[in-house]
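Taking it in order: structure first as structure tokens, then the write-up.
Numbering (my numbering), first residue to last: 703 to 905.
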């Protein structure tokens, strides 16, 4: 999977080639700290004074780096996919490798922090299913009509102790098999070099 960065995020990250590798590493540490405890204008101002640049430029650089790291960690993208995602930024090889190392070094920590953040997005809890087969009806004595009924249980945010909500879904086996095959084809297509080239050039 490749990340698709907006023009705003690309602009925010364009500040990184202007600073030393040590500064980029420090920005990564600050981004992780801000993810845990929230942003601090005092730290932005201190970094801006040292670099002799506007505060907004530092703020956007850290926020852009934070977005890049959190989205990559959230989707657990591979090292190769991460590198392909940042190639569109036009950075040099040294900076690209530095960003990859930052991502690999902090990925597990970022996922741990994200799992503790409150969210209202439904999360998978459990799936119950039942197969019903209709063998006859008033009009047709001998028939076989299978139906798959699924009960999808969802929780809100990270609180697994809360009562899960449920969604009832019903389909026939042929439609379910077609859906599975279509999703598998889509996942396989995402891994091809052709798709990677297209995603890298999406503006």
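Each residue gets a CB set at the ideal place from its N, CA and C atoms; glycine is no exception. All values derive from a computational prediction rather than experimental measurement.
Nearest residue (CA-CA) to residue 895, options 782, 879 and 842
782
Taking the alpha carbon of residue 831 as the reference point, which residue from 713, 756 and 855 has its own alpha carbon closest?
855
Suppose the cutoff is 7 Å on Cβ atoms and the five residues either side in sequence are ignored; what does the same chain contact list for residue 802 look like?
781, 784 and 785
Best match in 809, 867, 793 and 746 for proximity to residue 778 [C-alpha to C-alpha]
809
Counting only the same chain and skipping the five closest in sequence on each side, list residues whose C-beta sits under 7 Å from that of residue 712.
791
Taking buried to mean at least 16 other C-beta atoms within 10 Å of its own C-beta, is residue 892 buried or exposed?
exposed
Going straight from the alpha carbon of residue 886 to that of residue 760, what length do you get?
42 Å
Contact set for residue 774: own chain, Cβ-Cβ below 6 Å, skip 5 residues either direction
784 and 805
Alpha carbon of residue 776 to alpha carbon of residue 849, nearest angstrom
35 Å
Taking C-alpha atoms, which residue in 732, 767 and 750 lies nearest to residue 714?
767
Can you tell me whether residue 861 is buried or exposed, with buried defined as 16 or more other CB within 10 angstroms of its CB?
Any reading at residue 861 must be qualified, since the residue scores a pLDDT of 49, below 50, and its modelled position is unreliable; no value is offered.
By the 10 Å Cβ neighbour count, where 16 or more other Cβ atoms means buried, how is residue 796 classified, buried or exposed?
exposed
Same chain, Cβ closer than 7 Å to residue 732, neighbours up to 5 away in sequence not counted
745 and 764
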